[in-house]
């Protein structure tokens, strides 16, 4: 008998619907909004948001990639070393006196 043979019953791999396409090369990011940055900085006493600092404080896993998005406001000056950043977030950070560096 073949694997998955279920007699006259419709086999499970044909019974359950499959939809869409899962891209195996998709890059997933942990997203941080500017509104969250102020709260995280206060809670964890951060002035520099690097992958290492975020990992040490338990905010990301070791191999996570981080992207900063521009939702919210930034009042204080911070330094960012992250994998990706939106244009709106970058202008807001630089307007607050901070700096941005993209790392791989």
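In our numbering, the protein residues as written are 346 to 449. For every residue, glycine included, the Cβ atom is placed at its ideal position computed from N, Cα and C. Small disclaimer: the values here were computed from a predicted structure and weren't measured.
Problem set entry | DSSP-derived helix/strand/coil call for residue 378 | If you number the chain shown from 1, residue 378 lands on position 33. Strand at residue 378.
Exercise. Could you give the residue range of the beta strand (DSSP E) that holds residue 413?
Worked result: Here residue 413 refers to the residue found at position 68 when the chain shown is read from its first residue. Counting along the chain, the beta strand (DSSP E) containing residue 413 begins and ends at 410-414.
Exercise. What does residue 393 pair with, by DSSP beta-bridge criteria?
Worked result: Along the chain shown, one-based indexing puts residue 393 at 48. For residue 393, which the question treats as bridged, DSSP gives the partners 424.
Exercise. Count the other CB atoms within 10 Å of the CB of residue 427; is the residue buried (16 or more) or exposed (fewer)?
Worked result: The residue you call residue 427 lines up with position 82 of the chain shown. By the 10 Å Cβ count, residue 427 comes out buried.
Problem set entry | Own chain partners of residue 378 with C-beta closer than 7 Å, once the 5 adjacent residues on each side are dropped | By one-based count along the chain shown, residue 378 stands at place 33. Once the five neighbours on either side are set aside, the close Cβ partners of residue 378 are 414, 416 and 417.
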